[in-house]
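One structure below.
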Amino acid sequence: MKMNILNKNIILLIIIFSTYGLSESSAQSYTKDSLQIKAYTEIQFKDNNAENIILKKVFCDYCTDFQIEKIGEEALRRADIEKYAPLNRMENGYKKLAIYIRISKDDFASITPDGEIDN
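Position one of the sequence shown corresponds to residue 8 (this note's numbering), numbered consecutively onward.
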């Protein structure tokens with residue numbers, strides 16, 4: 008009987024330590040080494056076909072004009088891909104999309120007129 012209680016206590020301790028260990032290890036946040044920038048785009052649909060994609064705004068308070076331009080180009084490229092998603096399609100009208108671009112801080116710093124990001 009003592010052995011049975013001892014086994015239960017050992018199992019209980021293993022479960023407690025395992026649970027504690029799992030709760031302490033969390034996923035690394037992207038904010039430590041990267042930035043997330045939001046851009047608004049708008050897709051014009053006519054007869055269920057995307058006619059035109061417009062960049063409405065890039066939300067970045069610390070970006071230079073050149074960085075905003077390059078991020079805007081990437082947002083337009085991603086919106087062009089998203090126009091095929093069933094949730095984004097329309098018969099006629101305008102579909103507004105929020106595009107979130109995540110970029111490493113090092114790559115972001117290298118977006119300059121002299122040296123763009125090397126892919």
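Ideal placement from N, C-alpha and C gives every residue a C-beta, glycine not left out.
Annotated three-state conformation of A105 is strand, per DSSP.
By the criterion of at least three beta-carbon pairs nearer than 8 Å, the region 47-60 is not in contact with the region 109-120. Inclusion of A82 and I108 in the CB contact set at 8 Å is warranted, their separation being smaller than that value. Among the bridge pairs identified by DSSP, K112 is matched with none. As the crow flies, the alpha-carbon of F73 is around 24 Å from that of K103.
Note that the C-beta distance between D87 and I61 is not below 8 Å.
Counting the other CB atoms within 10 Å of its CB gives A46 a total of 16 or more, which places it among the buried residues. Separation of the CB atoms of T48 and I106 is rounded to 6 Å, and the pair is thereby assigned contact status at 8 Å.
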